[in-house]
Amino acid sequence: MIDKDLKTYIESSILPQYDAFDTAHRRNHAEAVIRRCMDLAEFYPEIDRKMLYVAAACHDLGLCQGRDEHHKNSARIIRADRTLSRWFSETEISIIAEAAEDHRASLGHAPRTLYGRLVAEADRLIDPDVTLRRTVQYGLSHYPELPREAQYTRFATHLKDKYAPGGYLQLWIPESPNSVRLEELRHIISDEAALRNRFDLLYEEETAAL
1 MIDKDLKTYI ESSILPQYDA FDTAHRRNHA EAVIRRCMDL AEFYPEIDRK
51 MLYVAAACHD LGLCQGRDEH HKNSARIIRA DRTLSRWFSE TEISIIAEAA
101 EDHRASLGHA PRTLYGRLVA EADRLIDPDV TLRRTVQYGL SHYPELPREA
151 QYTRFATHLK DKYAPGGYLQ LWIPESPNSV RLEELRHIIS DEAALRNRFD
201 LLYEEETAAL
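Going by our numbering, the sequence shown opens with residue 1, and the numbers climb by one from there.
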């Protein structure tokens, strides 16, 4: 059970910060990661749900200082948030910060704790439709100067580097449904014509909304 005051603090002071981020990392993304973490926690009764809740809610806060070091900056923001000491010890805050820092898929090491593995897994949110759309959204938000063909090249390269066999994404929680979804996404990525068709449809929808 999440403490009511803690939930109020997260919903009023933490989640609104996501409203300033790119469309792939808005408040709905943070809320989805929280839900997935809570679902996965059912398999791990030893987990402190309050700690996991905060780690999930805060995992992308560092985007306020750019994407490259956002995982490290998220950890710094958590450690600097003295309000959290109302509910957690310094040791617990350190574990929460480490979980946020370790969530990034491109890290060269496994998350240090189960909290980190759960947040990292929940952040994957592998749903072929959502993943493809978010990849288009990210390109349009961060590289608006790129023409359509260059956007497609960036889109396809990123998907192959991250999700194709041998890519840098790793799954950490065996109970997660991500394994099946990853295979579905890989099937799309491996079919160049299908991938291009999906991009074109999403590109038209997203640019029409700008």
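Glycine included, C-beta positions come from ideal geometry on N, C-alpha and C. Values in this document were obtained by computation on a predicted structure and should not be read as measured data.
| query | Of the residues I34, D19 and E92, which one's Cα is nearest the Cα of C64? | reply | Ranking I34, D19 and E92 by Cα distance to C64 puts D19 first.
| task | Whole angstroms is fine: what's the gap from G139's alpha carbon to V33's? | result | Within the model, the alpha-carbon separation for G139 versus V33 is close to 21 Å.
| said: Please give me, in chain order, every unbroken run of the alpha helix (DSSP H) with length at least 4 that falls completely inside the stretch 80–146. | reply: Listed in chain order, the alpha helix (DSSP H) runs fully inside the stretch 80–146 are 90–101, 114–124 and 128–142, counting runs of at least 4 residues.
| query | Do the stretch 93–101 and the stretch 47–57 meet, that is, are 3 or more Cβ pairs less than 8 Å apart? | reply | Output reads yes: the stretch 47–57 touches the stretch 93–101.
| Residue range of the unbroken alpha helix (DSSP H) whose run includes S179 | Taken as a continuous stretch (DSSP letters only), the alpha helix (DSSP H) holding S179 covers N178 to S190.
| query | Which residue from E206, A164, T113 and F199 puts its Cα closest to that of I47? | reply | Of the listed residues, the one whose Cα sits closest to I47 is T113.
| Is it the case that the Cβ atoms of H103 and A120 are separated by a distance below 8 Å? | Taking 8 Å as the Cβ cut-off, H103 and A120 qualify as a contacting pair.
| request: Have a look at H109 and S74 and give me their C-alpha separation to the nearest angstrom. | output: Cα to Cα, H109 sits roughly 18 Å from S74.
| field | Assigned secondary structure, L15 (DSSP; H/G/I helix, E/B strand, else coil) | value | Looking at L15 - three-state DSSP - the assignment turns out to be helix.
| field | The alpha helix (DSSP H) enclosing Q170, as first and last residue numbers | value | Q170: not part of any alpha helix (DSSP H); DSSP gives it neither H nor E.
| Are there 16 or more other CB atoms within 10 angstroms of the CB of G116, so buried, or fewer, so exposed? | Taking every protein chain shown into account, the CB of G116 has 16 or more other CB atoms within 10 angstroms, so this residue is buried.
| CA nearest to the CA of P165, picked from R148, W172, T8 and I189 | It is I189 whose Cα lies nearest to the Cα of P165.
| said: Short of 7 Å in beta carbon distance, which residues of its chain neighbour Y203, apart from the five on each side in sequence? Order them along the chain. | reply: Closer than 7 Å at Cβ, skipping near neighbours: V136, R148 and Q151.
| Applying the criterion that 16 or more other CB atoms from any shown protein chain within 10 Å of the CB defines a buried residue, is A80 buried or exposed? | Exposed: under 16 other Cβ atoms inside 10 Å.
| At what residues does the alpha helix (DSSP H) containing Q65 begin and finish? | Where Q65 is concerned, there is no enclosing alpha helix (DSSP H), given that its DSSP letter is neither H nor E.
| task | Can you give me the start and stop residues for the alpha helix (DSSP H) that F155 sits inside? | result | R148 to Y163 is the extent of the alpha helix (DSSP H) around F155.
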